[in-house]
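Novice: All residue numbers for the sequence shown refer to this note's numbering, where the first residue is 1383 and numbers rise by one.
Quick one: this structure, given as structure tokens, is what I'll be asking you about.
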Amino acid sequence: MRAATFNLESFGSEKLEPEELAPRIAALRPQLEALEADILCLQEVNAQHVDGQDIRAFTALDALLKGTRYETFHRVWSLRADGKGPADRHSIVIVSRHPLEAAQSLWWQRVDPPLWRPVQATPALPGREPFSFDRPILQTAARLPDGRKLHLFSVHMRAPIAAPIPGGKASAHAWNTAPAWAEGLFLASMKRIAQALELRLAIDAVFDAEDDPLIFAAGDFNAGGVEPALRIIAADPEETGNPALRHRHMRLLDRDIDKRLRHSVLHHGRGRMLDHILASPRLAETAGTVRVLNARLEDEADSESTVGSYHAPVVAEFDLNSGGS
1383 MRAATFNLES
1393 FGSEKLEPEE
1403 LAPRIAALRP
1413 QLEALEADIL
1423 CLQEVNAQHV
1433 DGQDIRAFTA
1443 LDALLKGTRY
1453 ETFHRVWSLR
1463 ADGKGPADRH
1473 SIVIVSRHPL
1483 EAAQSLWWQR
1493 VDPPLWRPVQ
1503 ATPALPGREP
1513 FSFDRPILQT
1523 AARLPDGRKL
1533 HLFSVHMRAP
1543 IAAPIPGGKA
1553 SAHAWNTAPA
1563 WAEGLFLASM
1573 KRIAQALELR
1583 LAIDAVFDAE
1593 DDPLIFAAGD
1603 FNAGGVEPAL
1613 RIIAADPEET
1623 GNPALRHRHM
1633 RLLDRDIDKR
1643 LRHSVLHHGR
1653 GRMLDHILAS
1663 PRLAETAGTV
1673 RVLNARLEDE
1683 ADSESTVGSY
1693 HAPVVAEFDL
1703 NSGGS
């Protein structure tokens, strides 16, 4: 089995525009086909308005997948916080050869929204307010041919870019003061870490319900392996200090990629691994080759847009008949 993750870089417009979409399809479709994935976790998939319909549809994604192995695969996607269909921008989609269970969009199921009063807000806010996630975590499970269940989590966590502070910005790309920017970056970090905790607790709920479950978590984590978000999700026994928790460790599979090749994003020539694949112990023991397809990766700092993606896809192979699973 091959399972992959790929951030499609805000794929699709407000409405389906075939001519506008054509260059992007030409750039992205070969990358998707090269993955030869059985399970594909996609981020930044935009949903389109369709005349006469209240709920948006993934017509751009349909066009991208047409004629590929993924066209007839099973599909689930994230919903807005109100549950009324997918978001217009940056939805999460899982495409699978194997049947998928009903999906859940995890907003704040296990973690209460933190309260914060921005001290740099102008005018000053009267009290603390909850801050929310930008996107949910998408949870589902695939039914494998032998009847086993493969739990799937796909994420797109908050980017390390300062979150808005009321009155804090002079323009879309400029801040009025360094303190306002600093508080915005703090809030962005809090959102990312809170979402990591939400994911970790959802994963632990699976461990509570099953012995030695198969769990696959992947996506754009906007964090490196040594940053708090990934550490929270992984729960490495070296960090918990408790060998009895080893069976709940989510192993970071892409850590095994050669350091010279291990980057999914380029920024001013510096590579960073922000897209990851993690697996539970039972699934990790079946893992084989893990690759990041970054040979043609563009530098995100060199231009404001790309026909492809500034993220490289990551794919892992699993032999589900090995490891005693």
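Where a beta carbon is used, it is the ideal one built from N, C-alpha and C, also for glycine.
Since this is a predicted model, take the numbers as computed values, not measurements.
Under 9 angstroms between the Cβ atoms of ASN1389 and GLN1435?
Specialist: As a first step, residue 1389 must be located in the sequence shown, where it is residue number 7. As a first step, residue 1435 must be located in the sequence shown, where it is residue number 53. No.
Novice: How would you write the range of the beta strand (DSSP E) that GLY1566 sits in, first residue to last?
Specialist: The sequence position of residue 1566 within the sequence shown is 184, counting from 1. Unbroken run through GLY1566 is the alpha helix (DSSP H), 1560 to 1591; no beta strand (DSSP E).
Novice: In terms of DSSP beta bridges, what is GLY1601 paired with?
Specialist: Here residue 1601 corresponds to residue number 219 of the sequence shown, with the count starting at 1. For GLY1601, which the question treats as bridged, DSSP gives the partners VAL1537 and HIS1658.
Novice: Do ALA1599 and MET1539 have their CB atoms nearer than 9 angstroms?
Specialist: Here residue 1599 refers to the residue found at position 217 when the sequence shown is read from its first residue. Here residue 1539 refers to the residue found at position 157 when the sequence shown is read from its first residue. Cβ atoms of ALA1599 and MET1539: not closer than 9 angstroms.
Novice: What are the start and end residues of each continuous alpha helix (DSSP H) run of 4 or more residues lying completely inside the region 1424 to 1459, in chain order?
Specialist: As far as the region 1424 to 1459 is concerned, its whole alpha helix (DSSP H) runs of at least 4 residues are 1441 to 1447.
Novice: Any beta carbon from chain D within less than 9 angstroms of GLU1699's own beta carbon?
Specialist: The chain labelled as chain D is not found in the depicted structure, where only one protein chain is given.
Novice: Near ARG1633, what residues of its chain come up, given a Cβ to Cβ distance below 6 angstroms and the 5 sequence neighbours on each side ignored?
Specialist: Counting from one through the sequence shown, the residue named residue 1633 turns up at place 251. Excluding sequence neighbours, ARG1633 sits near ALA1661 and ALA1666.
Novice: Let me check one thing: in DSSP terms, what residues is GLN1491 bridge-paired to?
Specialist: To locate residue 1491, count along the sequence shown from 1; it is residue 109. None; GLN1491 has no bridge partner.
Novice: Is the beta carbon of ARG1451 sitting closer than 9 angstroms to the one on GLU1418?
Specialist: As a working note, residue 1451 is residue 69 in the sequence shown. As a working note, residue 1418 is residue 36 in the sequence shown. Yes, these two residues count as a Cβ contact at 9 angstroms.
Novice: Are SER1646 and ASP1638 closer than 9 angstroms when you measure CB to CB?
Specialist: Here residue 1646 refers to the residue found at position 264 of the sequence shown. Here residue 1638 refers to the residue found at position 256 of the sequence shown. Result no, Cβ atoms of SER1646 and ASP1638 do not sit closer than 9 angstroms.
Novice: Is there contact here, the region 1672 to 1688 with the region 1620 to 1631, by at least three beta-carbon pairs under 8 angstroms?
Specialist: The region 1672 to 1688, when compared against the region 1620 to 1631, does not touch it at the 8 angstroms Cβ threshold.
Novice: Among VAL1588, TRP1490, LEU1532 and GLY1651, which residue has its Cα nearest to the Cα of LEU1702?
Specialist: Counting from 1 along the sequence shown, the entry for residue 1702 is found at position 320. Minimum Cα distance to LEU1702 is reached at LEU1532.
Novice: Taking the alpha-carbon positions, what's the LYS1551 to ARG1499 distance?
Specialist: As a working note, residue 1551 is residue 169 in the sequence shown. As a working note, residue 1499 is residue 117 in the sequence shown. If I take the Cα positions, the gap works out to 17 angstroms.
Novice: Answer yes or no: do SER1691 and ALA1416 have a C-beta to C-beta separation smaller than 9 angstroms?
Specialist: Looking up residue 1691 in the sequence shown gives position 309. Looking up residue 1416 in the sequence shown gives position 34. Cβ atoms of SER1691 and ALA1416: not closer than 9 angstroms.
Novice: Can you list, in chain order, the residues of its chain whose CB lies under 8 angstroms from that of PRO1505, leaving out five sequence neighbours each side?
Specialist: Here residue 1505 refers to the residue found at position 123 when the sequence shown is read from its first residue. PRO1548 and GLY1549.
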